[in-house]
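Q: Per our numbering, the sequence shown starts with residue 2, numbered consecutively. Cβ coordinates follow ideal geometry from the N, Cα and C atoms, glycine included. Quantities reported herein were computed from a predicted structural model and do not represent experimental measurements. Before I ask anything, here is the structure I am working with.
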Amino acid sequence: MHSFQPNGLGMQKRKNGGKDVVVKKTIGRIYYAQPTSGEKYYLRMLLNTVEGCRSYEDIRTVDGVVHPTYKSACYALGLLNDDKEWNDCIKEASHLAFAPQMHQLFCTILLFCEVTDPMEEL
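What follows is the structure, given as structure tokens:
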């Protein structure tokens, strides 16, 4: 990793307490997508789950079969067979959202998403 030095030195290798910073091959930021946003939400689930993809077609490929939608790829991977996706969604949002937003998300999930057991505890 490098940082820009405004004193005219240009780009220099970043240091962390005298030690070089370890660079990992990761995506820096994946924006939040609401469950009601459809394919964007399922693409986000796949990006957080599937490793080594180099194209959108690779993301939709499960066991050699290219699925037509991200949602069907999520079903093929077993990500949508239970309420785990909704539990994960609420847990993730709890790190970012305030109480009114959490309330709205919870209501949105109950009203517009396919929850199999709404009484199940997280």
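What ranges does the alpha helix (DSSP H) occupy inside the region 50-115, keeping only unbroken runs of at least 4 residues that lie completely in it?
A: Counting only runs of 4 or more, we get 57-60, 71-77, 85-95 and 100-113.
Q: Rounded to the nearest angstrom, what separates ASP118 and GLU58 at their Cα positions?
A: Those two C-alpha atoms are separated by around 32 Å.
Q: How close, in whole Å, do the beta carbons of LEU80 and MET46 come, if the pair is a contact with beta carbons under 8 Å?
A: Confirmed, about 6 Å.
Q: Assign LEU112 to buried or exposed, taking buried as 16 or more other Cβ atoms, counted over all protein chains shown, within 10 Å of its Cβ.
A: LEU112 should be labelled exposed.
Q: For ASP84, verify whether its CB is less than 8 Å away from any heavy atom of the ligand NAD.
A: Although the ligand NAD was asked about, the structure shown includes no ligands whatsoever.
Q: I'd like to know whether the C-beta atoms of TYR76 and LEU44 end up nearer to each other than 9 Å.
A: No, they are not a contact pair.
Q: When the Cα of ASP64 is compared with those of GLU52, LEU78 and ARG55, which residue comes out closest?
A: Considering only alpha carbons, the answer is LEU78.
Q: I'd like to check one pair, TRP87 with ILE110: are the Cβ atoms closer than 9 Å?
A: In contact: ILE110 and TRP87 (Cβ atoms closer than 9 Å).
Q: For GLU131, collect the residues of the same chain with a Cβ closer than 7 Å to its Cβ; drop the 5 residues on either side in sequence, then sort them by chain order.
A: Limits of the chain in this structure are 2 at one end and 123 at the other, which puts residue 131 out of reach.
Q: Excluding sequence positions up to five away, which residues of its chain have a Cβ less than 8 Å from the Cβ of GLU40?
A: Here the set comprises THR70, TYR71 and LYS72.
Q: Label CYS90 either buried or exposed according to how many other C-beta atoms from any shown protein chain fall within 10 Å of its C-beta, with 16 as the threshold for buried.
A: Counting Cβ neighbours within 10 Å, CYS90 comes out buried, since at least 16 surround it.
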